[in-house]
Each structure stands twice: as structure tokens, then as C-alpha cells.
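To keep things clear, I will list the structure first and then write my remarks on it.
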Amino acid sequence: MAQDIEKFSFNTSVSTFMIAVNELTALGTHKRAILEPLVILLSPFAPHLAEELWEELGHASGSISQAAYPEFREEYLVEANVTYPVALNGKVRDQRQFAATATAAEIETAILESDFLSRFGEGKAVKKVVVVPGRMVNVVV
Numbered sequence: 465m466a467q468d469i470e471k472f473s474f475n476t477s478v479s480t481f482m483i484a485v486n487e488l489t490a491l492g493t494h495k496r497a498i499l500e501p502l503v504i505l506l507s508p509f510a511p512h513l514a515e516e517l518w519e520e521l522g523h524a525s526g527s528i529s530q531a532a533y534p535e536f537r538e539e540y541l542v543e544a545n546v547t548y549p550v551a552l553n554g555k556v557r558d559q560r561q562f563a564a565t566a567t568a569a570e571i572e573t574a575i576l577e578s579d580f581l582s583r584f585g586e587g588k589a590v591k592k593v594v595v596v597p598g599r600m601v602n603v604v605v
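The following block contains the structure:
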């Protein structure tokens, strides 16, 4: 988000806020430790709304401008799992989740040992498995 602010790309920042709020709502998050930094981050974009939310969180009126801006920590952005679309002859048939650290060989082995071929392979032999790490898997029969 810092890069978006530096480039004056405020629409992408607001879009990111909307995505975050939707995900937090789906998780049923009501924890102060999560909501307070979110309100502080929102304050440069929607100062009046952020001030109202800040007061609802129990802080004094007008005090959000003195609140410390949250520290950026890149280690929280590392994904533990990656969802791979799995295609058969170029047509996506399934999606599977693998650890972000999984190698192409591990992913290939897991796909071949799964029920994917029995469901979609129509009994044909596998000619080739193409794994693009972090992106997709294509099984050629």
C-alpha cells in the first residue's frame, strides 16, 4: 500500500481496504488488535469515518491523528499455501492446494497419486505433467 500512496494510486489502496474488510468480516473478526491498526491505516483516505470508528473503539475524540502509524512487517505477507489450478490437456478441471515450499516433483507426485486421473483422465495414460511453480499444473494424456 505504501507504493500505491507514493504513486498517488489511491483507488488501488481503497480496493485493498475493501478486500481486507470483506475477508475480516467473513472471518468474524472483532479483535481490537486487528481493528485499531486498520482504522489508523484508513485515516489518511477517509479521515472523518476513521475518526468516528476510532471513537467507537473507545478513544478520545480527535486522537487518531496522534496515533502511531502501524509498522510494516513483510514476514506477515508470506503465503503458507498456494492454490494451483489443475488442467487436463490444457482445460482446467480442478484446484488443489499445496505448501508454498512444495517442489515441482512433489506437486507432480501428489497429482498422480490423487484421484484426479480417475475422475478426469478417462483411463488414458499420462504422457507428461507440466508444473509451473506457484502458478498451475497441466496433465497431458
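Numbering (this note's numbering), first residue to last: 465 to 605. The C-beta atom is built at its ideal place from N, Cα and C for all residues, glycine as well.
On the DSSP letters alone, give me the boundaries of the alpha helix (DSSP H) that residue i sits inside.
i: T493; result: That residue, T493, is in no alpha helix (DSSP H); it is neither H nor E in DSSP.
i: L541; result: Neither: L541 is in no alpha helix (DSSP H) and is coded neither H nor E.
i: T567; result: T567 -> no alpha helix (DSSP H), and no H or E assigned at all.
i: R599; result: Neither: R599 is in no alpha helix (DSSP H) and is coded neither H nor E.
i: F580; result: 580 to 584
For the beta strand (DSSP E) that contains residue i, what are its first and last residues?
i: F562; result: 555 to 563
Taking all protein chains shown into account, decide if residue i is buried (16 or more other Cβ within 10 angstroms of its Cβ) or exposed.
i: L576; result: exposed
i: A514; result: buried
i: V503; result: buried
i: I498; result: exposed
i: I483; result: exposed
i: V596; result: exposed
i: A566; result: buried
i: L414; result: Nothing can be reported for residue 414, as the shown portion of the chain is limited to 465 through 605.
Give me the Cβ distance between residue i and residue j, rounded to the nearest whole Å; I'm assuming they're in contact under 8 Å.
i: V601; j: V590; result: At roughly 12 Å, the Cβ-Cβ gap does not stay under 8 Å, so V601 and V590 are not in contact.
i: A544; j: A564; result: 6 Å
Worksheet item: What are the uninterrupted segments assigned as beta strand (DSSP E) that are 3 or more residues long and contained completely in the stretch 490 to 535, given in chain order?
Response: none
Worksheet item: Are three or more beta carbon pairs between the stretch 490 to 506 and the stretch 468 to 476 nearer than 8 Å?
Response: no
Item to complete: Count the CB pairs spanning the stretch 531 to 539 and the stretch 564 to 581 that are closer than 8 Å, and state whether there are at least three.
Response: no
Worksheet item: At a cut of 8 Å, does the stretch 528 to 535 reach the stretch 548 to 559 through at least three beta carbon pairs?
Response: no
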